[in-house]
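Working notes for the structure below.
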Amino acid sequence: MLIPCPYCGPRDSGEFTYRGDATVTRPDADNTNIEDWCGYVYSRTNPMGVHQDYWHHVQGCRLLLKVTRNTLTHEVSGAEIVGAWQNWQNSQSQSGAVNSQNKDGAA
Amino acid sequence: MRYNFLSLAANALSGNKHWAKAWRSPDPKPEYDAIIVGGGGHGLATAYYLAKNHGLTNIAVLEKGWLGGGNVGRNTTIVRSNYQMPANAQFYEHSMKLWEGLSQELNYNVMFSQRGILNLAHTPAQMDTHARRGNAMRMKGVDARLIGREEVAARVPGLDVTPNARFPIVGALLQERAGTARHDAVAWGYARGADMLGVDIIQNCEVTGFVFDENDRNKVVGVQTTRGKIGSKKVGVAVAGHTSHVMAMAGLTSLPIESHVLQAFVTEPIKPLLDTVVSFGAGHFYISQSDKGGLVFGGDPDLYNSYAQRGNLPMIEDVMSIAVALFPNASRLRLLRHWGGIMDMSMDGSPIITKTPKDGLYLNGGWCYGGFKATPASGWCFAHTIANDQPHEYNAAFTLDRFNRGTTIDEKGIGPFPGAH
Chain A
40 MLIPCPYCGP
50 RDSGEFTYRG
60 DATVTRPDAD
70 NTNIEDWCGY
80 VYSRTNPMGV
90 HQDYWHHVQG
100 CRLLLKVTRN
110 TLTHEVSGAE
120 IVGAWQNWQN
130 SQSQSGAVNS
140 QNKDGAA
Chain B
290 MRYNFLSLAA
300 NALSGNKHWA
310 KAWRSPDPKP
320 EYDAIIVGGG
330 GHGLATAYYL
340 AKNHGLTNIA
350 VLEKGWLGGG
360 NVGRNTTIVR
370 SNYQMPANAQ
380 FYEHSMKLWE
390 GLSQELNYNV
400 MFSQRGILNL
410 AHTPAQMDTH
420 ARRGNAMRMK
430 GVDARLIGRE
440 EVAARVPGLD
450 VTPNARFPIV
460 GALLQERAGT
470 ARHDAVAWGY
480 ARGADMLGVD
490 IIQNCEVTGF
500 VFDENDRNKV
510 VGVQTTRGKI
520 GSKKVGVAVA
530 GHTSHVMAMA
540 GLTSLPIESH
550 VLQAFVTEPI
560 KPLLDTVVSF
570 GAGHFYISQS
580 DKGGLVFGGD
590 PDLYNSYAQR
600 GNLPMIEDVM
610 SIAVALFPNA
620 SRLRLLRHWG
630 GIMDMSMDGS
640 PIITKTPKDG
650 LYLNGGWCYG
660 GFKATPASGW
670 CFAHTIANDQ
680 PHEYNAAFTL
690 DRFNRGTTID
700 EKGIGPFPGA
710 H
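Residue numbers (my numbering), protein chains in the order written: chain A, 40 to 146; chain B, 290 to 710.
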């Protein structure tokens, strides 16, 4: 299974640490609703199909990626950088310098 | 037809032409007293105990594929009850006691072999944590012994016990009553046992939705399937890795479960090398030798959400490296078979056997990769919960809401990271 790192290119999944479900959003620190917090920590939709995960490229550029991946077929259809370096990815795409799509990633 | 010396002799003498099918393949009836969704080990065991212990025989097991084709046919066959948390120790020991009489109970040889399990320790501190767990086990009446390096070496001749080993062995926690069983036989034994009591096992029948009472949308009255609508006021779901997928159809769309892939392996058959079960203490790895001679082993899940029933190379290499570190003489063996299953990883690593917010709907899941050993007690407790609309004392703690209430049962103490359990 190849993860298309926007900086490094398609890399074997073994170079990454899986950081879990990217479809849940941490509540604001001043949110006092216990249900919101329990939902964030414990509740998962766990879909059989297209999903979004966080993968941390620990053996490469160490960027945190949000990857769109099918949990049934392992087909990876895209990855975007999460956090401060997101703007770098956008500027690269505009100039056509980096191809962040990987259509051969199924494994 | 009961299996015994007489039926064996009679059939042998008549050319083995008159063995009866082990279970029928009936068409689904329009209505049952209870439906079990999922024809794996737990679903079949539940149906058996519903009929045997509770007299509910007008019931059906619905299996989307072929019975026993899921995780019950894909595991590494280990049976043990060496858990630390009281709720787990009690539950798995109940299961162990059921295992000890299971072949007789089912009139089917499940090949339960109480060859013991050694949890290796590689540091003195690890011996202390093993002692703690062993004492917790003994307080619950479960057998446990702490042994030193010499006894480990005597029990497991192929193990690298030299000081030069990558992770030198200091000792182990031993549960002598633990062991292995033939996984397929467990599914088939429960299927045949349930069928003999009148249970309908309906294969190639996938649930596509739930039917609720028109006047009370919270009450289950049946299921929609690929073989038509089937009515029942009691529906128990036991579908392991597909729990989220099936329960979403009933409107429970967010559960404390993630589905992950776990790979397992068998080598080519060899002469007897290992007559007990060994688990590694410096990483996640467990190994035994089947009666056919292959080494059966596994390690960590691949550690990402997956429903693919197959994994990838990085984890395969990881598991092989531990196998060879423990048993250097295994390095030349060829791997004969390798497969993956879908693990329903719960948020605390412990199971869920419970009523749900919907009347008449019961859930059995969250087994992570530890469901095989639980098969008898899981079926027994789930049957009790369904028949009485109340959990038994042994599964009372395995609720769906324990996470939000702060009463998680976390053996490893690692928190809400499903893949890590």
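For every residue, glycine included, the Cβ atom is placed at its ideal position computed from N, Cα and C. Just so it is clear, the structure is predicted and the values come from calculations on it, not from any experiment.
With residue i as the anchor, note down where its beta strand (DSSP E) starts and where it stops.
i	result
CYS77 (chain A)	It is not in any beta strand (DSSP E) - CYS77 (chain A) instead sits in the alpha helix (DSSP H) that spans 73 to 81.
LEU41 (chain A)	41 to 44
LYS518 (chain B)	517 to 520
MET634 (chain B)	624 to 635
GLU547 (chain B)	546 to 556
TRP94 (chain A)	89 to 95
ALA118 (chain A)	115 to 120
ARG511 (chain B)	Here residue 511 (chain B) is Gly; the residue named in the question, Arg, does not match the sequence. Counting along the chain, the beta strand (DSSP E) containing GLY511 (chain B) begins and ends at 505 to 514.
PRO590 (chain B)	584 to 594
THR346 (chain B)	That residue, THR346 (chain B), is in no beta strand (DSSP E); it is neither H nor E in DSSP.
VAL326 (chain B)	323 to 326
VAL608 (chain B)	Run containing VAL608 (chain B): none in the beta strand (DSSP E); it sits in the alpha helix (DSSP H), 602 to 615.
LYS105 (chain A)	103 to 109
ARG58 (chain A)	56 to 60
ASN653 (chain B)	650 to 654
SER577 (chain B)	574 to 578
PRO561 (chain B)	Element bounds for PRO561 (chain B): n/a, residue is neither H nor E.
Are there 16 or more other CB atoms within 10 angstroms of the CB of residue i, so buried, or fewer, so exposed?
i	result
GLY144 (chain A)	In this prediction, GLY144 (chain A) scores a pLDDT of 48, lower than 50, which makes its location untrustworthy; the coordinate-derived value is nonetheless stated afterwards. When all chains shown are included, GLY144 (chain A) counts as buried.
TRP308 (chain B)	exposed
PRO446 (chain B)	exposed
ASN453 (chain B)	exposed
PRO43 (chain A)	buried
LEU253 (chain B)	In the structure displayed, chain B extends from 290 to 710; residue 253 (chain B) sits before or after that span and is not available.
ARG369 (chain B)	buried
LYS662 (chain B)	buried
ILE73 (chain A)	exposed
ASN653 (chain B)	buried
GLN393 (chain B)	exposed
ALA301 (chain B)	exposed
ILE722 (chain B)	In the structure displayed, chain B extends from 290 to 710; residue 722 (chain B) sits before or after that span and is not available.
ASN342 (chain B)	exposed
ASP633 (chain B)	buried
ASN138 (chain A)	Because ASN138 (chain A) carries a pLDDT of 48, less than 50, the predicted location of this residue cannot be relied on, and no value is offered for it.
SER620 (chain B)	exposed
LEU462 (chain B)	buried
LEU339 (chain B)	buried
LYS701 (chain B)	exposed
THR697 (chain B)	buried
ASN141 (chain A)	Below a pLDDT of 50, predicted positions are generally treated as unreliable, and ASN141 (chain A), at 45, falls in that range; no measurement from the model is reported.
GLN679 (chain B)	exposed
ALA298 (chain B)	exposed
GLY517 (chain B)	exposed
With a cut-off of 8 Å on the beta carbons, I'd call residue i and residue j a contact; round off their distance for me.
i	j	result
PRO705 (chain B)	HIS549 (chain B)	Contact doesn't hold; Cβ gap of about 14 Å is too wide.
GLN492 (chain B)	TRP355 (chain B)	6 Å
VAL608 (chain B)	PHE569 (chain B)	Rounded, the Cβ-Cβ distance is 10 Å, inconsistent with contact.
VAL496 (chain B)	THR514 (chain B)	5 Å
THR556 (chain B)	ILE406 (chain B)	Not quite, the Cβ-Cβ distance comes to about 19 Å (not below 8 Å), so this is no contact.
What span of residues does the alpha helix (DSSP H) with residue i cover, start to end?
i	result
THR674 (chain B)	660 to 677
ARG444 (chain B)	438 to 444
LEU302 (chain B)	294 to 302
ALA334 (chain B)	330 to 343
ILE642 (chain B)	First-last for ILE642 (chain B): 641 to 644, but that is the beta strand (DSSP E), not the alpha helix (DSSP H).
PHE692 (chain B)	691 to 694
SER568 (chain B)	Segment 566 to 568 is the beta strand (DSSP E) holding SER568 (chain B); no alpha helix (DSSP H) there.
THR532 (chain B)	532 to 537
Run the proximity test for residue i: is its beta-carbon closer than 7 Å to any non-hydrogen atom belonging to the ligand SAM?
i	result
SER579 (chain B)	Within the structure as shown, the ligand SAM is missing, as the structure has no ligands at all.
Got a sec: which bits of the stretch 78 to 102 of chain A sit with their beta carbon under 9 Å from any beta carbon on chain B, in order along the chain? GLY78, VAL80, TYR81, SER82, ARG83, THR84, ASN85, PRO86, MET87, GLY88, HIS90, ASP92, TRP94
Tell me which residues of the stretch 539 to 559 of chain B have at least one Cβ-Cβ distance to chain A shorter than 8 Å, keeping chain order. THR542, SER543, LEU544, PRO545, ILE546, GLU547, SER548
Could you name the residues of the stretch 101 to 126 of chain A whose beta carbon sits closer than 7 Å to any beta carbon of chain B, in the order they occur along the chain? THR110, LEU111, THR112, HIS113
What runs of the alpha helix (DSSP H), each 4 residues or longer, lie entirely inside the stretch 454 to 496 of chain B? 472 to 485
Which residues of the stretch 515 to 528 of chain B have a Cβ closer than 7 Å to any Cβ of chain A? Give them in chain order. none
Entirely enclosed beta strand (DSSP E) segments - the stretch 385 to 422 of chain B, minimum 3 residues: 406 to 410
At a Cβ cut of 9 Å, what residues of the stretch 57 to 71 of chain A count as close to chain B, listed as they run along the chain? TYR57, GLY59, ASP60
Residues from the stretch 365 to 376 of chain B in contact with chain A, defined by Cβ distance under 9 Å: none
The stretch 638 to 664 of chain B: which residues have C-beta closer than 8 Å to a C-beta of chain A, in chain order? none
Under 9 Å (Cβ pairs) to chain A, residues found in the stretch 473 to 493 of chain B: none
Using a Cβ-Cβ cut-off of less than 7 Å, give me the residues of the stretch 574 to 599 of chain B that come near chain A, in sequence order. LEU592, TYR593, ASN594, SER595, TYR596, ALA597
Using a Cβ-Cβ cut-off of less than 8 Å, list which residues of the stretch 341 to 368 of chain B approach chain A; keep chain order. none
Residues of the stretch 623 to 639 of chain B with Cβ closer than 7 Å to any Cβ of chain A, in chain order: MET636
Between the stretch 685 to 706 of chain B and chain A, which residues of the former have a C-beta closer than 8 Å to a C-beta of the latter? PHE692, ASN693, PRO705, PHE706
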